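Peer 1: The following block contains the structure, expressed as structure tokens.
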Amino acid sequence: MAQSTRGLYSLLRLPGAYTAFQQTIARGDPQRMLTERYIRPHPGDRVVDVGCGPGVMLEYLGEVDYTGIDIDAGYIESARRRYGKRAEFICDRAEEAVERLAGKADLVLGKALLHHLDDPQARAFLRAAAAILKPGGRLITFDNVHLSPQRRVARLLIALDRGKNVRTLDQYVALAKQSFASVESYLHHDLLRVPYDHCVMVCSNPRAPE
Numbered sequence: 148m149a150q151s152t153r154g155l156y157s158l159l160r161l162p163g164a165y166t167a168f169q170q171t172i173a174r175g176d177p178q179r180m181l182t183e184r185y186i187r188p189h190p191g192d193r194v195v196d197v198g199c200g201p202g203v204m205l206e207y208l209g210e211v212d213y214t215g216i217d218i219d220a221g222y223i224e225s226a227r228r229r230y231g232k233r234a235e236f237i238c239d240r241a242e243e244a245v246e247r248l249a250g251k252a253d254l255v256l257g258k259a260l261l262h263h264l265d266d267p268q269a270r271a272f273l274r275a276a277a278a279i280l281k282p283g284g285r286l287i288t289f290d291n292v293h294l295s296p297q298r299r300v301a302r303l304l305i306a307l308d309r310g311k312n313v314r315t316l317d318q319y320v321a322l323a324k325q326s327f328a329s330v331e332s333y334l335h336h337d338l339l340r341v342p343y344d345h346c347v348m349v350c351s352n353p354r355a356p357e
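Residue numbers (our numbering): 148 to 357.
The following block contains the structure:
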């Protein structure tokens, strides 16, 4: 996983600092927008949230069967303390944890995940997500994105992100289409208080493994 963790970036490994930072720079409530517009969970859905951080997405999903996965032990410990009785949390690499999950998922979430993964890791995660989805299930991803043209401030801020594998929209879609026959993509330019660009992918109809 390619990401910067030194200097000021190390502060974001503290669950409280990470959550406070996200709330400070957000315009409105991006998590609620993602939930209502793209995730659209139903009571009883099995949701696998990969790269879950401190687990705050659980607050938006309602009565679901939730499994959160993150490689950062501090995030997972914080999530277990806060939500442990409502959910399962696993500390492991995204692609490896998803691959070992028993049963099937209605929804797999990859919020701010793919831009932390290099191409082999991203392909492994996408294959694993496709393999555990039930018929009709969906993978929803959310990442920052390179555009051409792009606002200068947005490009600078994206370059400062901890994740070092930010891609163009076409590159994200091309990766996803290796594992999913249907990939819908959407751009958002107003989710933060600063100039920034995000893309959402809704992936369905997993391809049969070769």
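Positions of the beta carbon are idealized from the N, C-alpha and C atoms, including for glycine. These figures come from a predicted structure and were not determined experimentally.
#1: Considering R193, what are the terminal residues of the beta strand (DSSP E) in which it resides?
#2: Alpha carbons only, please: which of M348, P282, V211 and M180 is nearest the one belonging to L322?
#3: Alpha carbon to alpha carbon, how far is P296 from R227? Give it in angstroms, no decimals.
#4: Check for me: the alpha helix (DSSP H) holding R302 runs from which residue to which?
#5: Between Y222 and G200, what straight-line distance do the alpha-carbon atoms span, to the nearest angstrom?
#6: Helix or strand or just coil, what does DSSP make of H345?
#7: From R184 to D290, what distance separates their C-alpha atoms?
#8: Can you tell which of Q268, V194, A301 and G231 has its C-alpha closest to the C-alpha of G250?
#9: Buried or exposed: where does H262 fall if 16 or more other Cβ atoms within 10 Å of its Cβ makes it buried?
#10: Would you kindly work out how many angstroms separate the C-alpha atoms of C346 and H335, rounded to a whole number?
#11: Suppose you measure from the CA of M204 to the CA of N352; what does that come to, to the nearest Å?
#12: What residue does the beta strand (DSSP E) around I237 start on, and which one ends it?
#13: Identify every residue that forms a DSSP beta bridge with Y333.
#14: For the ligand FAD, I want to know if N312 counts as a neighbour, meaning its beta carbon is within less than 7 Å of at least one of the ligand's heavy atoms.
#15: DSSP three-state call for G283: helix, strand or coil?
#16: Nearest to S225 by CA position, among G202, E235 and Y207, is which residue?
#17: Short check: CB of V245 to CB of A220, under 8 Å?
#18: The beta strand (DSSP E) spanning L256 covers which residue range?
#19: Pick from R340, C350 and I216: whose alpha carbon is nearest that of D176?
Peer 2: Quick answer:
#1: Bounds of the beta strand (DSSP E) holding R193 are R193 to V197.
#2: A check of alpha carbon separations from L322 across M348, P282, V211 and M180 identifies M348 as the nearest.
#3: Their Cα atoms are separated by approximately 42 Å.
#4: Membership of R302 in the alpha helix (DSSP H) is indicated by the continuous run R299 to A306.
#5: If you take the alpha carbons of Y222 and G200, they lie about 5 Å apart.
#6: DSSP, reduced to helix, strand and coil, places H345 within a strand of the structure shown.
#7: One C-alpha to the other measures close to 16 Å.
#8: Closest in alpha carbon position to G250, among Q268, V194, A301 and G231, is V194.
#9: Classification for H262: buried.
#10: When rounded, the distance between both Cα atoms is 6 Å.
#11: If I take the Cα positions, the gap works out to 24 Å.
#12: Counted as a single uninterrupted DSSP element, the beta strand (DSSP E) harbouring I237 occupies residues E235 to C238.
#13: Secondary-structure assignment with DSSP links Y333 through a beta bridge to V347.
#14: Although the ligand FAD was asked about, the structure shown includes no ligands whatsoever.
#15: Annotated three-state conformation of G283 is strand, per DSSP.
#16: Between S225 and the set G202, E235 and Y207, the nearest pair of CA atoms involves G202.
#17: In this structure, A220 does not lie closer than 8 Å to V245 by Cβ.
#18: It spans A252 to K258 - the beta strand (DSSP E) in which L256 sits, taken as one unbroken run.
#19: Of the listed residues, the one whose Cα sits closest to D176 is R340.
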